[in-house]
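Step one of this worksheet: look at the structure below.
Next up, the structure:
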């Protein structure tokens, strides 16, 4: 469906002659940063862009799963410190790495059109031959019919671990860290690591040029992807309105609404990489602004789960008279120059996330979250 925007924008806004963009150092991070630069160049051809590469805590600690590091903002803190010092003008992030509460004076000024948010299975190269093709290729086939060959799955995500164990309680799972190229190298060329298959974000594989390594996409069904997976967020200072206007042409409204509902849900549940929360957002074919949010929270062993689902008409204008919203209610997403229609849809996206969170809380999700920590 079209990603038509409904935002007003001052086309006379001019970019500075030089903009400095903060980015992590990995190949995929640089690919994504260059995507943002290319998009900005189309609107500001006179501007020069410089990238400042910065190591983050998550990049430097590779000997344990993310959930065991015990910190938040693992892939963002050092970048944000540079933003607050004024040494960079903006930061390009995988939005799924961004906490739902940002440091004071920081905001998400733009969210670009989302790539496929699903996860994918990537088999070791010498096992690809055993895959059959067609509609019968699914997770059940991999976990059962191929179980003698595909025994050990590599992932460091608690959400993926819980869903794998939910599919097959006896599945063998090994932690895998490092950038995308490193993970694929460990899978294919280092038998000592013992991986038969990796579970990776489809978006990263596509952007990294590894389309041909996707053995099976885990699309809508019983498999839930991470909050904001597949989306790129551009962070800037919340009081830098000129920079927010400069970023406006990058904004994809549909992706903003999807990710707002997902991030609000996670914030209400106080979740992060240490909690197995998965989501799906689906647009109705009958009504382009009718958005459904599905969510699933599991215990780490995959034995228990709760699921919630709500649909919201984003054009509904029946708001409580005294209802007010702060920047934090939007999980620090701040799009400069939006019109009333966009604002209405954004607020309803917040309501959708809150509604599904309340549904899960009423179903006892807090008990599952406690057992998962």
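Residue numbers (my numbering): 14 to 386. Glycine included, each C-beta is placed from N, C-alpha and C at the ideal position.
**Request:** Less than 8 Å between the CB atoms is what I'm expecting for residue 293 and residue 233, so what's the real figure, rounded?
**Result:** 6 Å between Cβ atoms; contact.
**Message:** Tell me which residue opens and which closes the beta strand (DSSP E) that residue 103 is part of.
**Reply:** Unbroken beta strand (DSSP E) run through residue 103: 103-107.
**Best match in 124, 163, 126 and 153 for proximity to residue 142 [C-alpha to C-alpha]** = For the residues 124, 163, 126 and 153, the minimum Cα distance to residue 142 belongs to 163.
**Item:** residue 82 - DSSP class collapsed to helix/strand/coil
**Value:** Bear in mind that a pLDDT of 47 at residue 82, under 50, signals an unreliable position, so the model cannot answer this.
**Message:** Among 324, 209, 204 and 132, whose alpha-carbon lies nearest the alpha-carbon of residue 186?
**Reply:** Measuring from the Cα of residue 186, the nearest candidate turns out to be 209.
**Residue burial classification, residue 384 (beta-carbon count within 10 angstroms, cutoff 16)** = Answer is exposed; the Cβ neighbour count stays below 16.
**Prompt:** When you compare only the Cα positions, how much space is there between residue 153 and residue 180?
**Reply:** One C-alpha to the other measures close to 8 Å.
**Message:** If contact is defined by three or more beta carbon pairs under 8 Å, each pair taking one atom from either stretch, is the region 99-116 in contact with the region 244-258?
**Reply:** Taking 8 Å as the limit for Cβ pairs, the verdict is that the region 99-116 does touch the region 244-258.
**Item:** Assigned exposure category for residue 341 - 16 Cβ within 10 Å defines buried
**Value:** The residue is exposed, with fewer than 16 neighbouring Cβ atoms inside 10 Å.
**Request:** Flag this pair as yes or no: are the beta carbons of residue 104 and residue 269 separated by less than 8 Å?
**Result:** Contact: no.
**Message:** Quick check on residue 217: does DSSP put it in helix, strand or coil?
**Reply:** Three-state DSSP puts residue 217 in a helix.
**Asked** By DSSP, does residue 60 sit in helix, in strand, or in coil?
**Response** Three-state result, residue 60: coil.
**Message:** By alpha-carbon positions, which one of 195, 64, 349 and 307 ends up nearest to residue 120?
**Reply:** Distances from the CA of residue 120 to each of 195, 64, 349 and 307 were compared; the closest alpha carbon is that of 349.
**Asked** Excluding five sequence neighbours on each side, which residues of the same chain lie with their C-beta closer than 8 Å to the C-beta of residue 303?
**Response** Excluding sequence neighbours, residue 303 sits near 296, 297, 324, 325, 326 and 327.
**Prompt:** What is the DSSP secondary structure of residue 382, counted as helix, strand or coil?
**Reply:** Residue state, collapsed to three classes: helix.
**Completely contained beta strand (DSSP E) runs for the region 179-247, where each covers 3 or more residues** = Restricting attention to beta strand (DSSP E) runs no shorter than 3 residues, the region 179-247 encloses them at 185-187, 210-214 and 229-231, ordered along the chain.
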